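*Asks:* Quick one: structure below, then a few questions.
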Amino acid sequence: MKTGKDRGKVPFEEEDHGELVPDLAYNETALKSIFRGCSDVIFRSIRLGGETRWIVVYISSLVDKKMLDEHILSPLIKRRTNPNENVSGSIEALDDLFVSIGEIMLASKISDLVRYVLNGYAVVLAAGNRRAMAVSVSGKAQRSLEEPTSEPVIRGPKDGFIENNSTNIGLIRSRLKTSRLKIETFTVGDLTQTEVALTYIEGVADASLVEEVRKRISEIRIDGVLDSNNIEEFIEDTAFSPFPQVQSTERPDVVAAGLLGGNIAILVDSTPFALLLPMTFWAGMQASEDYYIRWPIATFVRWIRLIFLVIAIFAPALYVAGTTFHQEMIPTSLLLSIAGSREPVPFPALIEALLMEIIFEALREAGIRLPKQIGQAISIVGALVIGQAAVQAGIISAPVVIIVSITGIASFTIPRYSFANGIRLLRFPMLFLAGTLGLYGIALGFLGILLHVCTLRSFGVPYFAPVAPLSLRHIKDVVLRVPVWNKTSRPPAAESEEQGTR
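Start counting the sequence shown at 50; every next residue gets the next number (my numbering).
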């Protein structure tokens with residue numbers, strides 16, 4: 050990556066290489082010097098009357114060969130071989146020749162031509178012209194639309210974003226058929242020249258928020274952008290918080306719903322994950338399927354998630370605090386059962402819980418990184434075998450295995466993956482506080498977490514809104530999933546002058 054002292058340097062592709070001249074040989078030499086060592090960059094010369102009249106420049110791996118042959122090379126060759134054809138020297142005269150092509154651009158700067166070639170265009174240079182024509186014949190390989198793997202639903206749309214911005218924008222356009230849906234394109238990354246699309250609904254999204262996001266994207270200076278997370282880390286407010294301040298999703302329906310609610314979406318080429326902002330704490334606890342099932346069921350599921358959120362953070366800490374410092378608070382029969390199971394264990398409760406938590410996280414990570422079929426077997430069989438063997442060997446007590454297992458299941462109920470990662474991370478400082486200060490440490494940890502989320506902001510929006518600051522008008526869609534006909538206001542995350550249902 051680029052160092053701080055290099056950040057002001059203009060990338061090679063954006064350097065001023067000068068402008069085209071009427072001398073076709075000079076223009077060809079200039080482009081060949083820029084693309085030296087690039088064996089996939091093709092220079093196709095077409096001669097007329099013994100001299101080179103046109104040169105077509107393209108990257109073989111980025112263009113559709115059939116489109117190139119049928120709509121560019123064949124018409125040029127036909128014009129050359131047809132004696133009755135009036136061959137004009139003007140580059141604009143080729144516009145009628147390429148009438149079947151959807152997108153044609155004219156450029157006079159060599160740096161612009163380089164950018165077009167790198168983006169899958171075929172550049173046509175003509176002798177005696179100071180301008181060239183860039184013709185869109187892009188044929189980048191891409192996968193077909195599939196169901197999102199990180200956000201599956203039982204009921205709801207099954208299409209997901211792919212690694213192509215044009216397709217992803219089309220998925221949003223197909224849901225929001227309005228001219229007020231605005232798409233602003235930026236190029237980020239000195240070497241990758243990655244297309245970043247800023248998407249919002251004019252009149253719905255806050256204009257000052259749009260301007261702030263636009264400003265932050267424009268200020269990014271980096272060699273390469275390979276994933277939307279690179280953009281997220283540059284534009285978020287608090288980099289050292291365990292809570293994500295930008296929501297990532299690969300579901301077009303989630304982005305469309307967010308845009309209708311006044312949010313802003315950022316689409317990054319070559320990644321299927323879009324960014325949605327601002328984000329609140331409660332957005333991390335909501336799934337898209339909440340709005341595709343009946344509202345009483347969705348409300349019940351939301352309450353289950355909130356209960357298991359508390360379990361995911363505090364359950365191991367409460368066990369350690371209770372067995373270490375506050376045995377008097379545990380019922381006698383349960384305390385005797387725990388004491389009996391812990392009798393052969395040589396470690397204190399804190400070390401025991403930490404050891405089991407680390408093993409569980411290692412199994413979870415192994416299950417993700419290994420191939421799907423092997424990963425599932427490792428996760429399930431590994432947890433059963435290691436847990437049972439550890440209990441029989443007297444290294445871990447059975448209650449700890451139960452507590453850690455319930456905690457792991459609880460963390461899986463959180464629908465947003467990046468948000469769930471932050472919640473899992475909080476378990477470890479809570480364990481240390483419980484192992485040193487008991488319930489007082491847990492209380493201090495809880496107050497610290499509460500203070501952090503209440504002071505955290507995502508692009509100026511309070512992270513804990515609408516609970517803190519309290520907004521009775523918006524809170525009904527936090528702990529409840531109200532019927533759609535009862536939603537008369539936009540979420541507080543990006544409320545503008547317009548009001549309406551989501």
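Cβ atoms here follow ideal geometry from the backbone N, Cα and C, with glycine treated the same way. Small disclaimer: the values here were computed from a predicted structure and weren't measured.
In the DSSP assignment, what residue or residues form a beta bridge with LEU97?
*Replies:* Within the sequence shown, numbered from 1, the residue matching residue 97 stands at position 48. The partner list for LEU97 (beta bridge, DSSP) reads GLU100.
*Asks:* When the distance is taken between beta carbons, is LEU316 closer than 8 Å to ASN168?
*Replies:* Within the sequence shown, numbered from 1, the residue matching residue 168 stands at position 119. Within the sequence shown, numbered from 1, the residue matching residue 316 stands at position 267. No, the pair does not count as a contact, with Cβ atoms beyond the cut-off.
*Asks:* My understanding is that LEU111 touches ARG128, with C-beta atoms under 8 Å, so please give their C-beta distance in whole angstroms.
*Replies:* Working through the sequence shown from its first residue, we reach residue 111 at position 62. Working through the sequence shown from its first residue, we reach residue 128 at position 79. The Cβ separation is near 25 Å, so there is no contact.
*Asks:* Is VAL186 near the ligand NAD, judged by its Cβ being under 7 Å from some heavy atom?
*Replies:* This structure does not include the ligand NAD; it has no bound ligands of any sort.
*Asks:* With DSSP run on the structure shown, which of helix, strand or coil describes SER88?
*Replies:* Residue 88 sits at position 39 when you count from the first residue of the sequence shown. Reduced to three states, the DSSP call for SER88 is coil.
*Asks:* Whether or not the region 192 to 201 and the region 230 to 238 are in contact is what I'm after, with contact meaning three or more pairs of Cβ atoms, one per stretch, closer than 8 Å; do they touch?
*Replies:* Flag = no, the region 230 to 238 and the region 192 to 201 do not touch.
*Asks:* How long is the line joining the alpha carbons of SER467 and ALA432, rounded to whole angstroms?
*Replies:* Looking up residue 467 in the sequence shown gives position 418. Looking up residue 432 in the sequence shown gives position 383. Computed Cα separation, rounded: 23 Å.
*Asks:* Suppose you measure from the CA of ASP272 to the CA of GLY238; what does that come to, to the nearest Å?
*Replies:* On the sequence shown, residue 272 is found 223 positions in, with the first residue counted as 1. On the sequence shown, residue 238 is found 189 positions in, with the first residue counted as 1. ASP272 and GLY238: Cα-Cα distance of roughly 5 Å.
*Asks:* One question on the structure: do ALA323 and SER390 come within less than 8 Å of each other, judged by their Cβ atoms?
*Replies:* Counted from its first residue, the sequence shown places residue 323 at position 274. Counted from its first residue, the sequence shown places residue 390 at position 341. Their beta carbons are not under 8 Å apart, which means ALA323 does not touch SER390 by this criterion.
*Asks:* Suppose only complete runs of 3+ residues qualify. What are the beta strand (DSSP E) ranges in the region 130 to 215, listed by chain order?
*Replies:* Complete beta strand (DSSP E) runs here, min 3: 153 to 156, 170 to 175, 181 to 185.
*Asks:* Work out the CA separation of VAL274 and ASP286 for me, nearest whole Å.
*Replies:* By one-based count along the sequence shown, residue 286 stands at place 237. By one-based count along the sequence shown, residue 274 stands at place 225. Cα to Cα, the separation comes out at about 19 Å.
*Asks:* Rank GLY371, PRO291, ASP161 by C-alpha distance to the C-alpha of TYR512 and give the top, closest one.
*Replies:* On the sequence shown, residue 512 is found 463 positions in, with the first residue counted as 1. Out of GLY371, PRO291, ASP161, PRO291 has the C-alpha closest to the C-alpha of TYR512.
*Asks:* CB ARG96 to CB VAL105, shorter than 8 Å?
*Replies:* Along the sequence shown, one-based indexing puts residue 96 at 47. Along the sequence shown, one-based indexing puts residue 105 at 56. No, Cβ-Cβ distance for ARG96 and VAL105 is not below 8 Å.
*Asks:* Excluding five sequence neighbours on each side, which residues of the same chain lie with their C-beta closer than 7 Å to the C-beta of ILE83?
*Replies:* To locate residue 83, count along the sequence shown from 1; it is residue 34. Taken in chain order, the residues that qualify are HIS66, VAL163.
*Asks:* So for PHE396, helix, strand or coil by DSSP?
*Replies:* Here residue 396 refers to the residue found at position 347 when the sequence shown is read from its first residue. In the structure shown, PHE396 sits in coil (DSSP, three-state: anything other than H, G, I, E or B).
*Asks:* What first and last residue would you give for the alpha helix (DSSP H) that runs through ILE83?
*Replies:* By 1-based counting over the sequence shown, the position of residue 83 is 34. From DSSP, the alpha helix (DSSP H) with ILE83 extends over 73 to 83.
*Asks:* Counting Cβ pairs closer than 8 Å, one from the region 323 to 335 and one from the region 293 to 310, do we hit at least three?
*Replies:* Short answer: they touch.
*Asks:* Excluding five sequence neighbours on each side, which residues of the same chain lie with their C-beta closer than 8 Å to the C-beta of SER507?
*Replies:* If you number the sequence shown from 1, residue 507 lands on position 458. Counting only Cβ-Cβ distances below 8 Å, and skipping sequence neighbours, we find GLU285, ASP286, GLN294, VAL295, LEU326, PRO327, MET328, THR329, ALA542.
*Asks:* So, do the region 442 to 456 and the region 253 to 263 have three or more beta carbon pairs nearer to each other than 8 Å?
*Replies:* Counting Cβ pairs under 8 Å, fewer than three are found: no touch.
*Asks:* State the DSSP-derived secondary structure class of GLU261, mapped to helix, strand or coil.
*Replies:* Residue mapping note: residue 261 aligns to position 212 of the sequence shown, counting from 1. Looking at GLU261 - three-state DSSP - the assignment turns out to be helix.
*Asks:* So what does THR236 bridge to, in DSSP terms?
*Replies:* On the sequence shown, position 187 is the one that residue 236 refers to. DSSP output for THR236 lists GLU244 as bridge partner(s).
*Asks:* Based on DSSP bridge pairs, tell me the residues matched to GLN296.
*Replies:* The count along the sequence shown starts at 1 and reaches residue 296 at position 247. Answer by DSSP bridge pairing, in chain order: LEU325.
*Asks:* Taking contact to mean 3 or more Cβ pairs, one atom from each stretch, closer than 8 Å, check whether the region 240 to 251 and the region 465 to 479 are in contact.
*Replies:* No, they do not touch.
*Asks:* Below 8 Å, how does it come out for the region 351 to 358 and the region 399 to 408: are there three or more Cβ pairs, yes or no?
*Replies:* Contact fails: fewer than three Cβ-Cβ distances are below 8 Å.
*Asks:* Among residues of its own chain, excluding the 5 on either side of VAL394, which ones have a beta-carbon nearer than 8 Å to its beta-carbon?
*Replies:* Counting from one through the sequence shown, the residue named residue 394 turns up at place 345. GLU401, GLY443, ILE444, ILE445, SER446, listed in sequence order.
*Asks:* Compute the Euclidean distance between the alpha carbons of PHE495 and TYR489, then round it to the nearest angstrom.
*Replies:* Counting from 1 along the sequence shown, the entry for residue 495 is found at position 446. Counting from 1 along the sequence shown, the entry for residue 489 is found at position 440. About 10 Å.
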